[in-house]
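J.: If you scroll down you'll find the structure; I have some questions about it.
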DNA sequence: ATCAATTTGATCGTTTTTGATTATTTGTGA
DNA sequence: TCACAAATAATCAAAAACGATCAAATTGAT
């Protein structure tokens, strides 16, 4: 066990629990307390954590609704089946937009072997498609560390230079009143993507249905189809609005 | 068992476990520890892995936990001192371009706590600056998996929309005939960056001096300054050409 | 077969990392 | 406020890893 590995494990543990203590770390990593203390001091010097008496704390405990890691942990079964169903809509040769939502990024494992082009502003999606057959166009602009995605005017401008056959986007809520987002940034990206694609799929798990978060950014008709695990018979208002409803089992 | 085979096995093992140690490798591959050390150093020089005390770790941080710590990993001392010297040129408030060379990316550890804006097309650089005070603008375009960077017409277009006070670029060779690159893609990015910056720093370790690789892409005057560990008295032709020569001890 | 170039291994001095010891500081509760 | 326990910083020593150097083994070309 070398210093690098140890520090990585410490940071990983910190990421999970928010704080660490020296004694447990020393026993767990099978080294002395003073070595752990040295590691923590070095990491603190790099600004990777806050040093406390007897341990350390996360430097920036960002506990928002936008924390991607947290988000992707919940609703996994439903989201996976939605993503699988969405991937089935993709044909070889397609050029597709992928939004930066947690549900949307689940599509990646199912499209690695398709010969398509993906245009995205999401770094997690880029990671997931590494070393696959998919060719990737990364949207440029201001990088948002919290959301792990690119946003801003330049990003919207970039999108408008391209045109895709299909777009897969997410939303934080959908109701008869329209589509809802948790932030302006995501909303404007979603709008831009939908505007430049021939067909827009909206991916929403049951938890998002009939939910109205604070930012209403579009009519329900922004999307051409909805893929969800929710009971479709309760969504007739969307069918009337012209959306194709696709069930994810 | 030849060197090629050994390196392949090392990389394969690294891919599986994320890190390797020298002693187990030496016994497993039935060779001496110093040979393994040499292999690891060569692989590290090629950028295929990060060298650590007693072993090595995977270079591609994208697949691991997003908290890689390579600060004290063993690097080429020359490249590190060049990078440190380059970082000293950066002031709070600067807007800087960072090229995607291996030397340039080493600047990152030294600028994490500066309040600057970095515009780059390199994913490793983006990764190194995660959770730092640096604000990042990611250049968009076609993503090149091999180089872990963005290239192409859209990328050049993106660059031309911005203007930076300083650019830090690399080259694979420099001689009185000009600057040399190993690929057209890198070369055109370097040209675009230099064209949009007020002052262009060229970072070259001694191994690149008087080297002429196959692609000559610019005059030496593309750069305004050269930062190198090479003997400056032997580079008078650059001084005559108007370049500021900066020694990295 | 011969010679040069490359690769590998061994040795030695140096550097880095780690752990132990001791004095000092910090936090806690009476 | 004071005393006591825990954590820390500082110093030193041992162990491991490292680079440099040189010699032996291997390889490749003539």
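Chains as they are written, first to last, in our numbering: chain A, 1 to 249; chain B, 1001 to 1249.
Positions of the beta carbon are idealized from the N, C-alpha and C atoms, including for glycine.
#1: Determine the chain B residues that contact residue 140 of chain A at a beta-carbon separation under 8 Å, and present them in chain order.
#2: Is the beta carbon of residue 244 of chain A closer than 9 Å to that of residue 224 of chain A?
#3: Note down, in chain order, every chain B residue with its Cβ under 9 Å from the Cβ of residue 47 of chain A.
#4: Have a look at residue 1054 of chain B and residue 95 of chain A and give me their C-alpha separation to the nearest angstrom.
#5: Against chain A, with Cβ distances strictly below 9 Å, would residue 1239 of chain B count as a contact?
#6: Under DSSP, the beta strand (DSSP E) around residue 1019 of chain B begins and ends at which residues?
#7: Out of B/1110, B/1115, B/1133, B/1079, which has the shortest C-alpha to C-alpha gap to residue 1092 of chain B?
#8: Are the CB atoms of residue 136 of chain A and residue 158 of chain A nearer to each other than 9 Å?
#9: For the region 141-148 of chain A against the region 104-120 of chain A, do three or more pairs of beta-carbon atoms, one drawn from each stretch, fall closer than 8 Å, so that the two count as touching?
#10: Using a C-beta to C-beta distance shorter than 9 Å, which residues of chain A count as neighbours of residue 1126 of chain B?
#11: Excluding the 5 residues preceding and the 5 following residue 177 of chain A in the sequence, name in chain order all residues of the same chain whose CB lies nearer than 6 Å to its CB.
#12: Is residue 1187 of chain B closer than 9 Å to residue 1149 of chain B when the C-beta atoms are compared?
#13: For the alpha helix (DSSP H) that contains residue 1157 of chain B, what are its first and last residues?
#14: Please list the terminal residues of the continuous beta strand (DSSP E) segment that includes residue 142 of chain A.
#15: Would you decide whether residue 241 of chain A is buried or exposed? Buried here means 16 or more other CB atoms lie within 10 Å of its CB.
#16: Could you check whether the region 1193-1205 of chain B touches the region 1165-1179 of chain B, counting it as contact only if at least three pairs of C-beta atoms, one from each stretch, sit closer than 8 Å?
#17: With a threshold of 9 Å between beta carbons, is residue 2 of chain A in contact with chain B?
#18: Out of A/162, A/97, A/26, which one is the CA nearest neighbour of residue 134 of chain A?
#19: Output yes or no for whether 9 Å exceeds the beta carbon distance between residue 100 of chain A and residue 170 of chain A.
#20: Helix, strand or coil for residue 1032 of chain B per DSSP?
#21: Please state the DSSP three-state secondary structure of residue 1137 of chain B.
#22: Just the C-alpha distance for residue 64 of chain A and residue 80 of chain A, rounded to the nearest angstrom, thanks.
#23: Counting only C-beta atoms, is residue 67 of chain A closer than 9 Å to chain B at any point?
#24: Going along chain B in order, which residues have a C-beta closer than 8 Å to the C-beta of residue 5 of chain A?
#25: Residues of chain A with CB under 7 Å from residue 1161 of chain B, in chain order?
#26: Between residue 1105 of chain B and residue 179 of chain A, what straight-line distance do the alpha-carbon atoms span, to the nearest angstrom?
#27: Near residue 72 of chain A, what residues of its chain come up, given a Cβ to Cβ distance below 6 Å and the 5 sequence neighbours on each side ignored?
#28: At which residues does the alpha helix (DSSP H) containing residue 189 of chain A begin and terminate?
#29: Leaving out five residues before and five after residue 1007 of chain B in sequence, what residues of the same chain have Cβ atoms less than 7 Å from its Cβ?
#30: In angstroms with no decimal places, state the Cα-to-Cα distance between residue 1210 of chain B and residue 1027 of chain B.
#31: Compare the C-beta of residue 1109 of chain B against all C-beta atoms of chain A and say whether one is closer than 9 Å.
#32: Alpha helix (DSSP H) containing residue 1116 of chain B: first to last residue?
#33: Kindly list the residues whose CB is nearer than 8 Å to the CB of residue 1019 of chain B, restricted to its own chain and excluding five residues on each side of it in sequence; keep chain order.
T.: For this structure:
#1: Along the first chain, read from residue 1 onward, the residue named residue 140 of chain A stands at position 140. Neighbours of residue 140 of chain A on chain B, chain order: 1137, 1138, 1139, 1140, 1141, 1150, 1154, 1155, 1158.
#2: Position 224 of the first chain, counted from the first residue, corresponds to residue 224 of chain A. Position 244 of the first chain, counted from the first residue, corresponds to residue 244 of chain A. Against a cut-off of 9 Å, the Cβ pair of residue 244 of chain A and residue 224 of chain A comes out as a contact.
#3: For this step, residue 47 of chain A is matched to residue 47 along the first chain. The answer, in chain order, is 1112, 1113, 1131, 1132, 1133.
#4: For the purposes of this step, residue 1054 of chain B is taken as the residue at position 54 of the second chain. For the purposes of this step, residue 95 of chain A is taken as the residue at position 95 of the first chain. Just so you know, the alpha carbons of residue 1054 of chain B and residue 95 of chain A end up roughly 46 Å apart.
#5: Taking the second chain and counting its residues from 1, the one referred to as residue 1239 of chain B is at position 239. Judged by the 9 Å Cβ criterion, residue 1239 of chain B is not in contact with chain A.
#6: Position 19 of the second chain, counting from 1, holds the residue named residue 1019 of chain B. Looking at the DSSP string, the run of the beta strand (DSSP E) that includes residue 1019 of chain B is 1019-1021.
#7: Within the second chain, numbered from 1, the residue matching residue 1092 of chain B stands at position 92. The shortest C-alpha separation from residue 1092 of chain B is found at B/1115.
#8: Taking the first chain and counting its residues from 1, the one referred to as residue 136 of chain A is at position 136. Taking the first chain and counting its residues from 1, the one referred to as residue 158 of chain A is at position 158. No; because the gap between Cβ atoms is not below 9 Å, this pair is not in contact.
#9: Because the criterion of three Cβ pairs below 8 Å is not met, the region 141-148 of chain A and the region 104-120 of chain A do not touch.
#10: Position 126 of the second chain holds residue 1126 of chain B. The answer, in chain order, is 123, 143.
#11: Stepping through the first chain from its first residue, residue 177 of chain A is reached at position 177. Answer for residue 177 of chain A: no residue qualifies.
#12: Residue mapping note: residue 1149 of chain B aligns to position 149 of the second chain, counting from 1. Residue mapping note: residue 1187 of chain B aligns to position 187 of the second chain, counting from 1. 9 Å or more divides the Cβ of residue 1149 of chain B from the Cβ of residue 1187 of chain B.
#13: For the purposes of this step, residue 1157 of chain B is taken as residue 157 along the second chain, with counting starting at 1. Residues 1153-1160.
#14: Here residue 142 of chain A refers to the residue found at position 142 when the first chain is read from its first residue. Note, residue 142 of chain A: beta strand (DSSP E), 141-144.
#15: Numbered from its first residue, the first chain carries residue 241 of chain A at position 241. Flag for residue 241 of chain A reads exposed.
#16: Yes, the region 1193-1205 of chain B is in contact with the region 1165-1179 of chain B.
#17: In the first chain, counting from the first residue as 1, residue 2 of chain A sits at position 2. Output row for residue 2 of chain A: interface = yes.
#18: Numbered from 1 along the first chain, position 134 holds the residue referred to as residue 134 of chain A. Minimum Cα distance to residue 134 of chain A is reached at A/97.
#19: The count along the first chain starts at 1 and reaches residue 100 of chain A at position 100. The count along the first chain starts at 1 and reaches residue 170 of chain A at position 170. Against a cut-off of 9 Å, the Cβ pair of residue 170 of chain A and residue 100 of chain A comes out as a contact.
#20: As a working mapping, residue 1032 of chain B is identified with position 32 in the second chain. DSSP, read as helix, strand or coil, puts residue 1032 of chain B in coil.
#21: In the second chain, residue 1137 of chain B corresponds to position 137, counting from 1. Strand.
#22: Counting from 1 along the first chain, the entry for residue 64 of chain A is found at position 64. Counting from 1 along the first chain, the entry for residue 80 of chain A is found at position 80. Confidence in residue 64 of chain A is poor, its pLDDT being 33 and thus under 50, which makes the residue's placement unreliable; the coordinate value appears in the next sentence. Between the alpha carbons of residue 64 of chain A and residue 80 of chain A lies a distance of about 23 Å.
#23: Here the question's residue 67 of chain A lines up with position 67 in the first chain. Because the pLDDT of residue 67 of chain A is 40, which lies under 50, any placement of that residue in the model is unreliable, and the question is left without a value.
#24: Taking the first residue of the first chain as 1, we reach residue 5 of chain A at position 5. The answer, in chain order, is 1019, 1052, 1057.
#25: Counting from one through the second chain, the residue named residue 1161 of chain B turns up at place 161. 154, listed in chain order.
#26: Against the second chain, residue 1105 of chain B aligns to sequence position 105. Against the first chain, residue 179 of chain A aligns to sequence position 179. If you take the alpha carbons of residue 1105 of chain B and residue 179 of chain A, they lie about 41 Å apart.
#27: On the first chain, residue 72 of chain A is found 72 positions in, with the first residue counted as 1. Confidence in residue 72 of chain A is poor, its pLDDT being 48 and thus under 50, which makes the residue's placement unreliable; the coordinate value appears in the next sentence. Taken in chain order, the residues that qualify are 102.
#28: If you number the first chain from 1, residue 189 of chain A lands on position 189. Counting along the chain, the alpha helix (DSSP H) containing residue 189 of chain A begins and ends at 184-195.
#29: Your numbering for residue 1007 of chain B matches position 7 in the second chain. 1039, 1043, listed in sequence order.
#30: What you label residue 1210 of chain B is simply residue 210 of the second chain in a count that begins at 1. What you label residue 1027 of chain B is simply residue 27 of the second chain in a count that begins at 1. If I take the Cα positions, the gap works out to 41 Å.
#31: The residue you call residue 1109 of chain B lines up with position 109 of the second chain. Output row for residue 1109 of chain B: interface = yes.
#32: Translated into positions along the second chain, residue 1116 of chain B becomes position 116. Unbroken run through residue 1116 of chain B: none, as it is neither H nor E.
#33: For the purposes of this step, residue 1019 of chain B is taken as the residue at position 19 of the second chain. Its chain contains 1052, 1055, 1056, 1057, 1058 as the residues whose beta carbon lies nearer than 8 Å to that of residue 1019 of chain B, once the 5 sequence neighbours on both sides are disregarded; these appear in chain order.
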